[in-house]
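In my numbering, the protein residues as written are 78 to 782.
Ideal Cβ positions, reconstructed from N, Cα and C, are used throughout, including at glycine.
Bear in mind that the values here come from a model prediction, so they are computed numbers and not experimental data.
Only one structure is covered here, and it is reproduced in the block below.
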DNA sequence: GAGCACTGC
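The structure is reproduced here in structure tokens:
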């Protein structure tokens, strides 16, 4: 601890913080900023007037850094030094230094907008630009203006965008603290390889044969590439002549590996053995592998992005940013001087790479964040003009408003409703919190809690495991329920109820292809949501997960599906007349399909239900709806009417148009112009077909597939 | 008839 670089800057830091409300600290890896900044300010008396909060983008970081600091100060964790993450608050009235995830601090600021328990707030790892940290940056800017005395904000960032953060905080000082990284030699390729798998293979084997010992970390984009490269490496290593080089062991490393496979990289390798770690960007920040001396950087990353005009997510392989490239290179210099092999030319790095990764706030649906900001009731803040470090597009903000309006969280003037207020209390995306509130009103809260908790965990089914009703399945060794034909939400409910009947037995999860970790998480989320709902609704709620025996199941599902329809009024799709394709109703109409993994059933004629709500639109090989639930036309009718009435300008708080009708028409025709001619044609054909259909009553059609 | 990077309340 004594030789951490940051301690040499203690005087300078204290002096600067003393004189300025906001300070940006540029601290490279190994500078000790995460553990030392809080202790320095603690020593200098900043904990006398309040608690020092340090935010982290990840739970594990909050816990491990707090543990370290408690050790260094020689105090029990949870007393003078503590942490708070979801489901776990290890702080007490004695706590002076508190580590917490950025999400937890946002929740706290909901009940205490002035955050006046804190004398100092340190936003650590701000360069990662997590959605929550970006919102906190905006709130902090406002807070330092309002809380004039006894309040300091420190922001730590990376070299390349420290100046930008400083500008955001009206030119606040920037302090540089060097890190403790060893030099890393950067080697560039002459040109982009045709295949970065082949190219990585070649470079890795070259290193293995020619270079001294030290592990090799290879950055790939996803599971597929990783598996391919791992098997090629294994083949190649085996074919190397005996005795010509040292032994080798090859590990894949990505998020969907079970935890016990992930931690293998932390155990020391056998002697005289070089490790090859083939990883996604999980090894960039989340997991640190010791012993890495060589890094091979493909220059690509898989990134999820949201298109606000279609409401669709896509997962694309994109070029990394300079910040990311440097972060990856830095992984080679943690224990001794290293080398980084970039599989792209210097000119590409210099001229093509963005300085920093596009922040999450510009790549995701903002419905939840906009609702959060609305619920804060900041008198001087207009959401559409909220002061973001990097503002999201107005299209994205308008999309959020539209969605919130359709699920009754804001009224037609864009003001938050009482339903919206209740929704913001729940740690869920808006359509899920809306579903819970509706379910509470209609008497199916217990089931809705289960579905919503299952959906927030998302990956409970083990990868590679087929869902039970898939035809390809050779032998049915699983007794998992099938959603009774109503779709995936009902199946998720039934699965959890099944687990409940087995007394939450972890073995049951393994036997039925459910991720143990995921299912335990679902249970935690469900319990947390229960507590919040109890608090909100004051009445006694019936929230046990057991299936009630008294009422008919089908009737139960009907209520639940209706609640899901209200909650997902922003995510409704209507089936095509003659085939099982759908078109979305809430966004610019898109042709979409039910994801093949869905358990939604067809009727006797092979047709899917006329209307569904979906949890997510994702474009992979084609646009798909993931997690689909059958709903009824009569439930969709009021949603359709609401969509027709929708006036975005009014929602944005802009001047309400004096002549309503033409205004809306203009809006529509503008959208039509943007639609490519082909889909416009498809659109009109669909409309014509629908009109004919309605005129003719119900035709007996066979599925043409 | 597909295949998903990583976080978080």
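Check whether the Cβ atoms of residue i and residue j lie closer than 8 angstroms to each other.
i, j, result
"residue 351", "residue 323", "yes"
"residue 233", "residue 102", "yes"
"residue 701", "residue 672", "yes"
"residue 570", "residue 527", "yes"
"residue 179", "residue 207", "yes"
"residue 353", "residue 293", "yes"
"residue 438", "residue 451", "no"
"residue 466", "residue 500", "no"
"residue 489", "residue 482", "yes"
"residue 725", "residue 707", "no"
"residue 109", "residue 83", "yes"
"residue 399", "residue 418", "no"
"residue 229", "residue 142", "no"
"residue 699", "residue 692", "no"
"residue 259", "residue 415", "yes"
"residue 525", "residue 677", "no"
"residue 670", "residue 683", "no"
Check residue i in the structure and name its three-state DSSP category.
i, result
"residue 397", "coil"
"residue 404", "helix"
"residue 534", "helix"
"residue 380", "strand"
"residue 253", "strand"
"residue 101", "strand"
"residue 417", "strand"
"residue 489", "coil"
"residue 206", "coil"
"residue 449", "helix"
"residue 569", "helix"
"residue 591", "strand"
"residue 356", "strand"
"residue 288", "coil"
"residue 169", "coil"
"residue 216", "helix"
"residue 433", "coil"
"residue 278", "helix"
"residue 93", "helix"
"residue 19", "Nothing about residue 19 can be reported from this structure: the residues present for the chain run from 78 to 782 only."
"residue 301", "helix"
"residue 159", "strand"
"residue 271", "coil"
"residue 557", "coil"
"residue 390", "strand"
When DSSP builds the beta bridges, which residues end up paired with residue i?
i, result
"residue 703", "693"
"residue 312", "None, per the DSSP bridge assignment."
"residue 133", "178"
"residue 329", "355"
"residue 652", "659"
"residue 262", "416"
"residue 373", "295, 418"
"residue 229", "197"
If we count the other Cβ atoms within 10 Å of its Cβ and call it buried at 16 or more, is residue i buried or exposed?
i, result
"residue 591", "buried"
"residue 96", "exposed"
"residue 523", "buried"
"residue 172", "buried"
"residue 223", "exposed"
"residue 735", "Reliability fails at residue 735, whose pLDDT of 37 lies under 50, so the model's placement of it is uncertain and the value that follows must be treated cautiously. Result: exposed."
"residue 339", "buried"
"residue 516", "buried"
"residue 436", "buried"
"residue 264", "exposed"
"residue 193", "exposed"
"residue 547", "Residue confidence is low: residue 547 scores 41 on pLDDT, short of 50, so the model does not pin down where it sits. Its coordinate-derived value is still stated next. Residue 547 is exposed by the Cβ-count criterion."
"residue 191", "exposed"
"residue 375", "buried"
"residue 280", "buried"
"residue 714", "exposed"
Original post:
Is it a yes or a no for the segment 468 to 483 touching the segment 379 to 396, going by three-plus beta-carbon pairs under 8 angstroms?
Top reply: yes
Original post:
Is it true that the segment 124 to 136 meets the segment 194 to 214, where meeting means three or more beta-carbon pairs spaced less than 8 angstroms apart?
Top reply: yes
Original post:
Touch check for the segment 410 to 418 and the segment 369 to 380: three-plus C-beta pairs under 8 angstroms?
Top reply: yes
Original post:
For the 8 angstroms Cβ check, are there 3 or more pairs between the segment 299 to 310 and the segment 325 to 342?
Top reply: yes
Subject >> Inter-stretch contact (C-beta, 8 angstroms, three-pair minimum) for the segment 529 to 536 and the segment 502 to 520 >> reply: yes
Original post:
Do the segment 356 to 366 and the segment 418 to 427 meet, that is, are 3 or more Cβ pairs less than 8 angstroms apart?
Top reply: no
Original post:
Do the segment 236 to 250 and the segment 145 to 154 meet, that is, are 3 or more Cβ pairs less than 8 angstroms apart?
Top reply: no
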